[in-house]
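Residue numbers (our numbering), protein chains in the order written: chain A, 1 to 107; chain B, 108 to 214. Glycine included, C-beta positions come from ideal geometry on N, C-alpha and C.
2 protein chains.
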Amino acid sequence: MITFDEFKKIELKVGKILQAEPVEGSEKLLKLEVDFAEDKPRTVVSGIAGHVDLENFVGSKKIFVTNLEPRPILGIESQAMILAGKDGQGLALVETTRDLPVGTLLS
Amino acid sequence: MITFDEFKKIELKVGKILQAEPVEGSEKLLKLEVDFAEDKPRTVVSGIAGHVDLENFVGSKKIFVTNLEPRPILGIESQAMILAGKDGQGLALVETTRDLPVGTLLS
């Protein structure tokens, strides 16, 4: 169990995927540029290659955890984490039931 | 900023809405019965009345925070919290891009 204050520490935000490209040297990783309505887009490295159709993915909005400590993945600093769930068929991502503005905080 | 361990404390799960009905004495609250693939469904009280079309909402799967301390709302114990985002038009809920089994944990 967690308290509501512990939950409120986590920032879940709507981000719009501006770019997505394979990370050299990895079959699993994509390097994304994601707009959160901040000064500039963030770079996000995510193990979702093969789970998304790039053509539809780029330009779409998904939910990200935006206040995790940045961490290097294959030498690239990842500045957020895309939220996902997994079943036997692979990963599914997370989105809102209606289009919300980039940067909208979930709670 | 939070650590990955702090993030991992939060349980975000896919729940299927089995029932939804107005809470007597409130125009905002709905009382939901939600399946998380546990022994029995949980009761969730949520301020989403007027933001969902009950006919489509019941039977759908949405994302919930499932390990918050239960709290009484108008005398009913709410045992999870539905995740939502808000803009000028009201609330939007959160779902996965592909159907995932009830109880699936997001990360």
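Close to E77(A), with beta-carbon spacing below 7 Å, lies no residue of chain B; the smallest spacing is near 14 Å. Neighbours of G154(B) in chain A, taken as residues whose beta carbon is under 9 Å from its own, are absent, since the nearest beta carbon is some 11 Å off.
For I2(A), the chain B residues whose Cβ falls inside 9 Å of its Cβ are K116, I117, E118, V172, N174, L175, E176, in order along the chain. Beyond the five residues adjoining it in sequence on each side, E140(B) comes within less than 7 Å, by CB distance, of L125, Q126, P148, T150 in the same chain, given in chain order. With fewer than 16 other Cβ atoms inside 10 Å of its own Cβ, A37(A) counts as exposed. Between T96(A) and V201(B), the beta carbon gap of about 6 Å places them in contact (Cβ cut-off 8 Å).
Here E202(B) is bridged, per DSSP, to E95(A). In chain order, L213, S214 make up the part of chain B whose C-beta sits under 8 Å from the C-beta of A84(A).
F143(B) carries a coil assignment under DSSP once its states are collapsed to helix, strand and coil.
Under the Cβ distance rule, Q19(A) does not count among the residues neighbouring chain B, no pair being separated by less than 9 Å. Around R98(A), the beta-carbon contacts reaching into chain B at under 7 Å are A199. Close CB contacts of S60(A) within its chain, under the 7 Å cut and outside five residues either way in sequence, are with I17 (chain order). The C-alpha of D87(A) is placed about 19 Å away from the C-alpha of L29(A). Within the same chain, Cβ atoms closer than 6 Å to the Cβ of A191(B) are found at L198, L200, the five residues on either side in sequence being excluded. A residue is called buried when at least 16 other Cβ atoms come within 10 angstroms of its Cβ; K120(B) meets this threshold and is buried. L68(A) and L105(A) have their alpha carbons spaced roughly 15 Å apart.
Taking C-beta separations shorter than 6 Å and ignoring five residues to either side along the sequence, the partners of L161(B) in its chain run A127, following chain order. In the structure shown, D87(A) adopts extended strand secondary structure according to DSSP, grouped into three states.
In this structure, S107(A) lies near K8(A), with their beta-carbon atoms less than 9 Å apart. Residue pairing of I109(B) in beta bridges, as defined by DSSP: L68(A).
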